[in-house]
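Residue 109 in the UniProt record's numbering sits at position 109 of the sequence shown, and the numbers go up by one each step. Even for Gly, the Cβ is constructed at its ideal location relative to N, Cα and C. Notes follow the structure.
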Amino acid sequence: MSAASSSTTDGRRRIRTPGIPSRCWCGVDVTEIISRTNPNPYRRYYRCLFAASQRLENDNHVLKWVDEAFTDEIQQLDYQVRMLEEEVQSLKATIRNEGDIREGPKKMPMIKISGGCVLLTIVLVVGIMMYKK
Ligand SMILES: [Zn+2]
C-alpha cells in the first residue's frame, strides 16, 4: 500500500530567513555591515555577529543583503495587511449579523420607559408627601 497522496496543496514556500533578520540561528544577534568587496561595494548586509567577529567565510550563519531583506519585509507586510483586511471584512459581517439577531435597538426604549416609570413614581411619592404636610 502506498501512502502517497496526490492532493493539490497551495504551494506555500518557506523562506529560510524571511524579512529583516534580527537573530542568527546560533542565538547571536545580527549586525549591519557595509560590504567592501569589489562585486558589491558599499552594499549593506546583515551578518551574524559571531561569524563577523570570527571573520568566517562560506559558513551558514546569517548573511543577507539589506535591500533584499527590505523587499522581503515589504512583501510580507503587504501579505499581512491583505489578510487583516479580509479579517476585518468578515468581522464586520459577523457584527452586522449579530446585531440583527439580538435586535439590540429594541432594548433601549424599554430601559428608558422603565427609568421614566421609576422617576414618575418618585415624583408622585414626593408630591403626595408634600401634599400631606
Ligand atoms: Zn550565527
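Annotation for L49: the continuous alpha helix (DSSP H) segment containing it runs L49 to S53. When beta bridges are read from the DSSP output, V30 appears opposite C48. At a cut-off of 7 Å, the beta-carbon of A93 does not count as near ligand 1: no heavy atom of the ligand is closer than that.
Beta-bridge annotation (DSSP): K64 is paired with Y46. In the DSSP assignment, the residues bridged to R23 are D29. In the structure shown, L119 falls within a helical segment according to DSSP collapsed to helix, strand and coil. Counting the other Cβ atoms within 10 Å of the Cβ of C48 gives 16 or more, which makes it buried.
Put simply, the residues with a CB less than 7 Å from any heavy atom of ligand 1 are C24, W25, C26, V28, C48, F50, A51, H61 and V62, in chain order.
Scanning W25, M83 and T31 for the CA closest to the CA of W65 turns up T31. It is roughly 10 Å from the alpha-carbon of Q75 to the alpha-carbon of V81. For P39, the number of other beta carbons within 10 angstroms of its own is below 16, and it is reported as exposed.
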